[in-house]
Amino acid sequence: MSSRTSATDYVEDVSPGSGALPPRAWYPRSDAASLSLNGRWRFRLSPAADAEDDAFAEPGYDAGGWAEVSVPGHWVLQGHGSPIYTNHLYPFPVDPPHVPTENPTGDHLRFFDLPEGWDVTDGGAVLRFDGVESCARVWLNGTDIGEFKGSRLPHEFAVGHLLKPARNVLAVRVHQWSAGSYLEDQDQWWLPGIFRDVTLLHRPVGGVLDFFVHASYDHAAGTGTGTLRIDSDVAGRVTVPGLGIDIATGESATVPVEPWTAETPTLYDGLLATEGERVPLRIGFRTVESTGGLIKVNGKAVLFKGVNRHEWHPEHGRALDLETMRADVLLMKRHNVNAVRTSHYPPHPAFLDLCDEYGLWVIDECDLETHGFTEQAWRDNPVDDDRWTPALLDRAARMVERDKNHPSVVIWSLGNEAGTGRGLTAMAEWIHGRDASRLVHYEGDIDCRDTDVYSRMYPEHAEVERIGRGLDGGTRKRRALPLILCEYAHAMGNGPGGLADYQRIFESHDRLQGGFVWEWIDHGIEDERFGYAYGGDFGEELHDGNFVCDGLVFPDRRPSPGLLEYKKVIEPVGIDIDGDGTTVRVTNKQDFADLSALSFAWSYQVDGETVESGSLAVPALAAGESAELKLPEPPATDGGETQWTVRALLAADTAWAPKGHVVAWGQSAPRARRAPALVATGGPVASGEGLIVLGPAVFDARTGTPRSIGSVEVTGLRLDVWRATTDNDDGAAWQSDPRYAELWRGFGLHRMRHRLGAVEQAGDALTVRTRVAPAGRELGLATVYRWTSDGDRLGLTVSVTPDGDWTVPLPRLGIRFGLPAADRVRWFGGGPEEAYPDTKSASLVSRWESTVDELQIPYVRPQENGARADVRWAELGGLRIDGDPEFWLTARRWTTEQLDAAAHRTDLTPSGTVWVNLDHAQHGIGSASCGPGVLPRYRLHAEPAEFSFVFTDIG
69 MSSRTSATDY VEDVSPGSGA LPPRAWYPRS DAASLSLNGR WRFRLSPAAD
119 AEDDAFAEPG YDAGGWAEVS VPGHWVLQGH GSPIYTNHLY PFPVDPPHVP
169 TENPTGDHLR FFDLPEGWDV TDGGAVLRFD GVESCARVWL NGTDIGEFKG
219 SRLPHEFAVG HLLKPARNVL AVRVHQWSAG SYLEDQDQWW LPGIFRDVTL
269 LHRPVGGVLD FFVHASYDHA AGTGTGTLRI DSDVAGRVTV PGLGIDIATG
319 ESATVPVEPW TAETPTLYDG LLATEGERVP LRIGFRTVES TGGLIKVNGK
369 AVLFKGVNRH EWHPEHGRAL DLETMRADVL LMKRHNVNAV RTSHYPPHPA
419 FLDLCDEYGL WVIDECDLET HGFTEQAWRD NPVDDDRWTP ALLDRAARMV
469 ERDKNHPSVV IWSLGNEAGT GRGLTAMAEW IHGRDASRLV HYEGDIDCRD
519 TDVYSRMYPE HAEVERIGRG LDGGTRKRRA LPLILCEYAH AMGNGPGGLA
569 DYQRIFESHD RLQGGFVWEW IDHGIEDERF GYAYGGDFGE ELHDGNFVCD
619 GLVFPDRRPS PGLLEYKKVI EPVGIDIDGD GTTVRVTNKQ DFADLSALSF
669 AWSYQVDGET VESGSLAVPA LAAGESAELK LPEPPATDGG ETQWTVRALL
719 AADTAWAPKG HVVAWGQSAP RARRAPALVA TGGPVASGEG LIVLGPAVFD
769 ARTGTPRSIG SVEVTGLRLD VWRATTDNDD GAAWQSDPRY AELWRGFGLH
819 RMRHRLGAVE QAGDALTVRT RVAPAGRELG LATVYRWTSD GDRLGLTVSV
869 TPDGDWTVPL PRLGIRFGLP AADRVRWFGG GPEEAYPDTK SASLVSRWES
919 TVDELQIPYV RPQENGARAD VRWAELGGLR IDGDPEFWLT ARRWTTEQLD
969 AAAHRTDLTP SGTVWVNLDH AQHGIGSASC GPGVLPRYRL HAEPAEFSFV
1019 FTDIG
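First residue of the sequence shown? That's 69 in my numbering, and the numbers climb one at a time after it.
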């Protein structure tokens, strides 16, 4: 029995722990017995590491008054304490390896019986923890079996000699803070608890220990052969029936195979059989190398179209079940994502099984980040302190040994934003020595001394172009290596902008092998107060607000417009229709697969409606090949705007999407668009009630603003230049690009005044002259509204002339007004989702229908959203609005000012008015929340502009 003690020195010990078995390969199943210990556990929370002794671990301890928590789970998401979010600041004093005395500590108890037929005298047993944050000490039946750190890594303990047939008592003490916390500063919620599976594994005599599957592919032999060798700590036999392989462990067999790639994830079922255990295998043959300055798989260079993926669930935090992981993989595949960087720790191992099965390239990243030390110029950084090196090597080994048999893992990453130091070099040397079949990555190794890939975060487009052209500096070794952007295109809020521009650069230079968008999912916590909570919502003294919500999918895994944009930008098939609409060029942008899995369809639209469609015969082009194909003769029409659309669809059901799923599409440039025409037939007429009547409209005679258009009341129509600033408008303090929101507010663009100059009734027009300008500034916008009518319809031409020294771009330029009621919205233009100047690749021109509420994009922190681009006409609230030129349509049940003031979705309350913006132009989005700002061509400069609308009462 253990003695009662309150000693907690292990919490601040820099070692990885004691008592755990050496790391080994993970496998999901075998014929050996196992017992999941997931479920409801008894739980007690204490305020400090030494607040309670370890008597609770002894058999017979009465925990009847304790609470219960679910394992896997985080206790702070189950009503015990609160989560904390920081980007890089440690939420405790930086004094390594010491942590605060106030150290929330959760004692967990699990009582269990062994299953029927489990013979405790036959072999041994292993107790496995797949993830515990941040430090745990473990007892079984009163015996202290060890303690460990390394939150996102597996730890196993030999416990067979301690087991009883019934009433076993497993006790686990978990500390929120430990020396290990200094190695886990990974821009996410700090969430203590046993958050991955706990499993008891029977280890029969002669059972499998560790094994390493070596399955290479020889593309150069010309016959497409694979060589299989499995090294095993326990001798056995390896069989792969589909390949006719039956060999002893340690022996090699070379046979013809289909190789594994992310596009063609061929897996062969095999079996590793030792004297005491049979382990099913899924084997993928592939070879990874860096040669000729390129990352190659099976002899071909790959282009990563990736995402960074934290593990997240809005209710359960990092405790993910298999179906949630599968949902992520399916969403990625359906949106053309081909790669994942497991930021910034190894994921649940079942996720990698899914990557093997469905096909995703993986950069497997070690559970390491010490970003907070940047606040002290990296002084005392653990990765450059030899005392910490054993812990670093332990983390590297536990990642590599666990995940080494996954064909999807092509690159090991040492970690993230941990500065530089001898410890990282030691990790790289160990990994290279243990597994020469993969490359090693670490973005912080700026000279690539220890790594095989040149990696960067958030470089500007122009710099990426220079690197692609070989015009960068740096060491000779670095200049000979391929570049990947391990993080780019920060997907925080509305955005990211500029994705298409990056992709064009990637595809123009072989050395540029793609990147990984930051990041996959918003880490919002489901909260009845706010909808989703973010940093600061739990009273944290240090936090980084909604910087934790920067994903391509919302917390509930609904795809954001950013993901739809990314899907379009990284399409595996290029579809380019020539200017006269007679031919289409189809390009296979895949690295390996041909186009035989796809079918192609064309459709011909007139004024946004499909009038004819059919199939398009496209040869099964090999990767990289193109073909120019003739389109059918267009049908005869009575005029109108015409356009071709060609789509690439799945020809049959696949594991990840059904037949007919759209993989790629292209549209021709529209032809023969008819601009709305209005010939004025009568002029404005003053009434005796302070009103002016012009055609179907009634105006206020004093202000010249419309009160109604036909039967539709109109409120507050005027020029508008303000938008509720996006996260990318707000920018980040450390970015060199302009922070436009700060500049705009400094210039007063959020509080523009409208001075009336004149209301003129002359001839066939009502002309209203105004100057729109902010208080405290001399600059302004001379704005003229010219109203005309043909008797049934109302025309408006707005002319804007800037005056003064405009040194900042405008957020938007257009008009806004209120309607008393509107629900259904129909429009001809871009859709179905929002688009802005640098985020509109996925905007498909067609006829669309929605509701005002469905037009809103539910960003966790409310901000400008919902604009539909290239709108020819729209119908809502009883009005039809035609534009010349095309315009941006936004409609919402709150004002821009209310949207701008909201911190959470629940701050927005619908009013009785629908506010409509018809914008001539919008400023781009960029990714300045943690990356480059808006590219020059997408900036909305204050320049003379003229735009027109025709309003028709259709109510």
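Here a beta-carbon is modelled for each residue, glycine too, at the ideal position from N, C-alpha and C.
Tell me whether residue 1009 is buried or exposed, calling it buried when 16 or more other Cβ atoms sit within 10 Å of its Cβ.
Taking the sequence shown and counting its residues from 1, one reaches residue 1009 at position 941. Residue 1009 is exposed by the Cβ-count criterion.
Please confirm if the segment 607 to 623 is in contact with the segment 645 to 661, defined as three or more CB-CB distances below 8 Å between the two stretches.
Under the Cβ criterion (8 Å, minimum of three pairs), the segment 607 to 623 does not count as touching the segment 645 to 661.
Three-state secondary structure assigned by DSSP to residue 617
Against the sequence shown, residue 617 aligns to sequence position 549. Coil.
Which of helix, strand or coil does DSSP assign to residue 836?
As a working note, residue 836 is residue 768 in the sequence shown. Three-state result, residue 836: strand.
Length of the line joining the Cα atoms of residue 148 and residue 174
The residue given as residue 148 occupies position 80 in the sequence shown. The residue given as residue 174 occupies position 106 in the sequence shown. So the two alpha carbons sit approximately 9 Å from each other.
Of the choices 536, 971 and 565, whose alpha-carbon is the least far from that of residue 580?
Against the sequence shown, residue 580 aligns to sequence position 512. Comparing Cα-Cα distances from residue 580 to each of 536, 971 and 565, the minimum goes to 536.
Below 8 Å, how does it come out for the segment 453 to 469 and the segment 524 to 540: are there three or more Cβ pairs, yes or no?
no
My output table needs one value for residue 812: the three-state DSSP class, helix, strand or coil.
As a first step, residue 812 must be located in the sequence shown, where it is residue number 744. In this structure, residue 812 counts as helix in the three-state DSSP scheme.
Can you tell me the Cα-Cα spacing of residue 74 and residue 166, whole angstroms?
Numbered from its first residue, the sequence shown carries residue 74 at position 6. Numbered from its first residue, the sequence shown carries residue 166 at position 98. Because residue 74 sits at a pLDDT of 46, beneath the cut-off of 50, its placement in the model cannot be relied upon, and the following sentence gives the value as read from the coordinates. Going by the C-alpha atoms only, they are around 17 Å apart.
In terms of residues, what are the limits of the alpha helix (DSSP H) holding residue 461?
For this step, residue 461 is matched to residue 393 along the sequence shown. Taken as a continuous stretch (DSSP letters only), the alpha helix (DSSP H) holding residue 461 covers 457 to 471.
What number of angstroms, rounded off, separates the C-alpha of residue 424 from the C-alpha of residue 353?
By one-based count along the sequence shown, residue 424 stands at place 356. By one-based count along the sequence shown, residue 353 stands at place 285. So the alpha carbons of these two residues sit roughly 11 Å apart.
In terms of residue numbering, what span does the alpha helix (DSSP H) encompassing residue 498 cover?
Along the sequence shown, one-based indexing puts residue 498 at 430. Per DSSP, residue 498 belongs to the alpha helix (DSSP H) from 490 to 502.
Note down the Cα distance separating residue 958 from residue 400, rounded to an integer number of angstroms.
Mapped onto the sequence shown, residue 958 falls at position 890. Mapped onto the sequence shown, residue 400 falls at position 332. Whole-angstrom Cα-Cα distance: 29 Å.
Buried or exposed: residue 377, going by 16 or more other Cβ atoms within 10 Å of its Cβ?
Position 309 of the sequence shown, counted from the first residue, corresponds to residue 377. Per the 10 Å Cβ criterion, buried.
Nonlocal neighbours in the same chain, by C-beta distance under 7 Å from residue 631, ignoring five residues either side:
Numbered from its first residue, the sequence shown carries residue 631 at position 563. The residues are 403, 620 and 621.
What residue ranges within the segment 770 to 822 form continuous beta strand (DSSP E) runs of no fewer than 3 residues, ordered along the chain?
Qualifying beta strand (DSSP E) stretches, in chain order: 774 to 777 and 783 to 788.
Leaving aside the five residues before and after residue 673 along the sequence, list all residues of the same chain whose C-beta is less than 6 Å from its C-beta, in chain order.
If you number the sequence shown from 1, residue 673 lands on position 605. 711, listed in sequence order.
Rounded to the nearest angstrom, what separates residue 834 and residue 752 at their Cα positions?
The residue you call residue 834 lines up with position 766 of the sequence shown. The residue you call residue 752 lines up with position 684 of the sequence shown. Residue 834 and residue 752: Cα-Cα distance of roughly 6 Å.
Could you tell me which residues DSSP puts in a beta bridge with residue 381?
Counted from its first residue, the sequence shown places residue 381 at position 313. Per DSSP, 385.
Are the Cβ atoms of residue 43 and residue 254 separated by less than 8 Å?
Residue coverage of the chain in this structure runs from 69 to 1023, which leaves residue 43 outside it and unanswerable.
Classify residue 217 as buried or exposed, calling it buried when 16 or more other Cβ atoms lie within 10 Å of its own Cβ.
In the sequence shown, the residue the question calls residue 217 occupies position 149. Buried: at least 16 other Cβ atoms inside 10 Å.
Please check the pair residue 358 and residue 432, which I expect to be a contact at CB under 8 Å, by giving their CB distance rounded to whole angstroms.
Walking along the sequence shown from the start, residue 358 turns up at place 290. Walking along the sequence shown from the start, residue 432 turns up at place 364. Contact doesn't hold; Cβ gap of about 17 Å is too wide.
With 16 other CB atoms within 10 Å as the buried threshold, where does residue 643 fall?
Reading the sequence shown from its first residue, position 575 is the one you call residue 643. So residue 643 counts as buried.
Taking only three categories from DSSP, how would you classify residue 966?
The residue you call residue 966 lines up with position 898 of the sequence shown. It is helical.
By alpha-carbon positions, which one of 887, 964, 371 and 634 ends up nearest to residue 658?
The residue labelled residue 658 in the question sits at position 590 within the sequence shown. Selected option, being the one with the closest Cα: 371.
In its own chain, which residues sit with a C-beta less than 8 Å from the C-beta of residue 289, not counting the 5 before and 5 after it?
Taking the sequence shown and counting its residues from 1, one reaches residue 289 at position 221. Nothing meets the Cβ criterion.
Quick check: the segment 997 to 1013 against the segment 920 to 937, are at least 3 beta-carbon pairs closer than 8 Å?
no
From this set, 733, 700, 559 and 757, which residue's C-alpha is nearest residue 770's C-alpha?
Your numbering for residue 770 matches position 702 in the sequence shown. Taking only the C-alpha atoms, the option nearest residue 770 is 757.
By Cβ distance below 8 Å, which residues in the same chain neighbour residue 304 in space, the five residues on each side in sequence not counted?
Along the sequence shown, one-based indexing puts residue 304 at 236. Same-chain partners within the cutoff: 276, 316, 317, 340, 341, 342 and 343.
In chain order, what residues of the same chain have a beta carbon less than 6 Å from the beta carbon of residue 443, not counting five sequence neighbours either side?
Counting from 1 along the sequence shown, the entry for residue 443 is found at position 375. Excluding positions up to five away in sequence, the list is empty.
Sub-8 Å separation of residue 667 and residue 683 beta-carbons
Numbered from its first residue, the sequence shown carries residue 667 at position 599. Numbered from its first residue, the sequence shown carries residue 683 at position 615. With contacts defined by Cβ atoms closer than 8 Å, residue 667 and residue 683 form a contacting pair.
Measure how close the beta-carbons of residue 243 and residue 203 come, nearest whole angstrom, since I'm counting them as under 8 Å.
Sequence index remark: in the sequence shown, residue 243 carries index 175 (1-based). Sequence index remark: in the sequence shown, residue 203 carries index 135 (1-based). 5 Å between Cβ atoms; contact.
Whole beta strand (DSSP E) elements within the segment 123 to 192, 3-residue minimum:
The segment 123 to 192 contains these whole beta strand (DSSP E) runs: 135 to 139, 152 to 154 and 170 to 180.
Determine the contact status of residue 1002 and residue 921, defining contact as a CB-CB distance below 8 Å.
Working through the sequence shown from its first residue, we reach residue 1002 at position 934. Working through the sequence shown from its first residue, we reach residue 921 at position 853. The answer is no: Cβ separation not under 8 Å.
Are the segment 906 to 918 and the segment 864 to 882 touching by the rule of at least three beta carbon pairs closer than 8 Å?
no
According to DSSP, is residue 953 part of a helix, a strand, or is it coil?
One-based indexing of the sequence shown puts residue 953 at position 885. Strand.
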